[in-house]
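Read top to bottom, the protein sequences are chains W and Y. So for the first sequence, numbering that gives the first Met the number 0 puts the first residue at 0; every next one is plus one. So for the second sequence, numbering that gives the first Met the number 0 puts the first residue at 0; every next one is plus one. By construction, the Cβ of each residue, glycine as well, lies at the ideal position given by its N, Cα and C atoms.
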Amino acid sequence: MNGLRFEAVNVGDKLPVLRTAPISRTTLALFAGASGDHNPIHIDIDFARSAGMEDVFAHGMLSMAYLGRLLTGWVPQTALRRFDTRFVAITQLRERIVCTGTVAQKYEEDGEKRVRLAVEAANEAGEVKLAGEAVVALP
Amino acid sequence: MTAAMIDRKHIGLSLEPLTVTVEKGRLRFFAKATGQDDPVYTDEAAARAAGYPSLPAPPTFLFSLGFEKPDPFELLHVMDVDLARVLHGEQSFVYHKPVCAGDVVTLKSTVTDIYDKKDGALEFIVQKTDVTNEAGALVAELQQVVVVRN
């Protein structure tokens, strides 16, 4: 991961794919505690049903954290300049999240060599859950 | 449509700023909860070897600090929005400086927009949060879009 240089990166390059374990109720309970997001819609099936959902579902920020791991697995976090996502679809229990990233653009900005990445979190069937972008600076 | 529209007078609303310490234990818990196995995020020696003074806060962690407020869903309560009707629509981060365990940061949030789509069936609350360190330097800017299903 260290030592990645701007010259060595090309538009279209793929980041190493990150696949998570299936999301369980335990995953959501732990993330609720660690993230501080105690919204019962993610941890309390009675509340979720009262809100018209069939069951609890994953925090969008859990998958965004997985995408964060995709990025910091590729470059040191100090290289990260921006990170944006749209939450496109709800992530259900038992789904595995597959995080992918592609180099979309190489450019210079604020006196730095930067790379824009298109990032996506999807389930194993390819249904996109989060879609977004990140910008990293490379030497 | 069953619920009243959110009063647009809340555009521009700033909530009481929150000052909070980034805690090592919380960072380790966050790493565990997100399956993070890179020792930089859990082992101080690894973090220092990577150039950080202590464990770094991972890319999305600053969002979590907002939940340290006495009422983490204060904005929704002020706007009289039912928590059961909201979804996270979008989230963005702009990074200026690393944040590490032991740092004391202040989060200041402002509602920058409220708009609707589908004849009010969906409403969107846009909130921008500036995060500053003890020296008053801007370390990160967050933007959150909350979707309300009416």
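query	result
So Y:L64 and Y:V19 are supposed to be a Cβ contact under 8 Å. How far apart are they, rounded?	5 Å
Which of the three DSSP states, helix, strand or coil, is assigned to W:M0?	Interpretation of W:M0 is limited by its pLDDT of 47, a score under 50 that renders its predicted location unreliable; the figure taken from the coordinates is listed afterwards. In this structure, W:M0 counts as coil in the three-state DSSP scheme.
Give every residue of the same chain whose Cβ lies closer than 7 Å to the Cβ of W:A133, excluding the five residues on either side of it in the sequence, and list them in chain order.	L70, L79, R81, F82, L116 and V118
Would you decide whether W:R18 is buried or exposed? Buried here means 16 or more other CB atoms lie within 10 Å of its CB.	exposed
Using a Cβ-Cβ distance under 8 Å, would Y:D102 count as near chain W?	no
With a threshold of 16 other CB atoms inside 10 Å of the CB of Y:A32, please say whether the residue is buried or exposed.	buried
For the beta strand (DSSP E) containing Y:V104, list its first residue and its last residue.	V103 to K116
Check the Cβ of Y:G34 against every Cβ in chain W and list those closer than 8 Å, keeping chain order.	T19, A20, Y65 and R68
Given 8 Å as the limit, is there contact between the stretch 56 to 70 of chain W and the stretch 86 to 103 of chain W, that is, 3 or more CB pairs closer than that?	yes
Using the beta-carbon of each residue, which ones in chain Y are nearer than 8 Å to W:A50?	A83 and R84
Quick check: is the beta carbon of W:D109 nearer than 8 Å to any beta carbon in chain Y?	no
Exposed or buried, Y:S13, counting other C-beta atoms within 10 Å across all chains shown (16 or more means buried)?	exposed
Only counting runs of 3 or more residues, tell me where the beta strand (DSSP E) segments fall wholly within the stretch 50 to 121 of chain W, in order along the chain.	79 to 86, 97 to 108 and 111 to 121
Starting from Y:E43, trace the alpha helix (DSSP H) both ways and give me its first and last residue.	E43 to A48
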